[in-house]
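Structure follows, in structure tokens:
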């Protein structure tokens, strides 16, 4: 089966999970993982998976990349655009971001030896990621709800 032809410059869709946990004091922490090649801090993400809804695919990426399991939002909590580094070129990607309320982290998981994972305060996570739009999305999600 051939892949659909893409218009040059057309953004490709990726899906991502933003693993979060609520602390006893009411604060929130966000888990970041490192990318495999450049070891930059990112959220678990990947391409849509045939047969899975986007939020289910986002949960699977978090499971494979960070070993976390929890409740995934069914609607995107945000989105961002970035340039994905391929072997010999870059691809423009639009990423749908789904919140994952982490219930537990496994002792071992698929990509454990290829990536690091760590919990951060939202403001620190926003400072550590390279993609400006991901940083903005983290800051928006971390902002206290007025009221």
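Residue numbers (full-length UniProt numbering): 1 to 147. Ideal Cβ placement from N, Cα and C applies to all residues, glycine included.
(message) Suppose the cutoff is 6 Å on Cβ atoms and the five residues either side in sequence are ignored; what does the same chain contact list for residue 84 look like?
(response) 91 and 93, listed in sequence order.
(request) Give the straight-line distance between the Cα atoms of residue 107 and residue 10, rounded to the nearest whole angstrom. (result) Residue 10 has its alpha-carbon roughly 39 Å from the corresponding atom of residue 107.
(message) With the cut-off set at 8 Å, would you say residue 130 and residue 40 are in Cβ contact?
(response) Against a cut-off of 8 Å, the Cβ pair of residue 40 and residue 130 comes out as a contact.
(request) Apply the 10 Å Cβ neighbour rule to residue 134 and answer buried if 16 or more other Cβ atoms are within range, or exposed otherwise. (result) Buried.
(message) For a test of the three-state rule: what should DSSP assign to residue 71, helix, strand or coil?
(response) Strand, per DSSP.
(message) Cutting at 6 Å between CB atoms, please list the residues of its own chain near residue 105, excluding the five before and the five after it.
(response) Once the five neighbours on either side are set aside, the close Cβ partners of residue 105 are 67 and 68.
(request) Using 10 angstroms around the beta-carbon of residue 45, count the other beta-carbons present and answer buried if the total reaches 16, otherwise exposed. (result) Burial is judged here by how many other beta carbons sit within 10 angstroms of a residue's own beta carbon; residue 45 has at least 16 and is buried.
(request) Return the chain-ordered list of same chain residues with a C-beta closer than 6 Å to the C-beta of residue 125, the five sequence neighbours on each side being excluded. (result) Within the same chain, residue 125 has close Cβ partners 30, 32 and 138.
(request) Return the Cβ separation of residue 102 and residue 78 in integer angstroms, given the expectation that the two are a contact with Cβ distance under 8 Å. (result) About 18 Å; that fails the 8 Å criterion.
(message) Among the candidates 48, 17 and 23, whose CA atom is the shortest distance from the CA of residue 63?
(response) Between residue 63 and the set 48, 17 and 23, the nearest pair of CA atoms involves 17.
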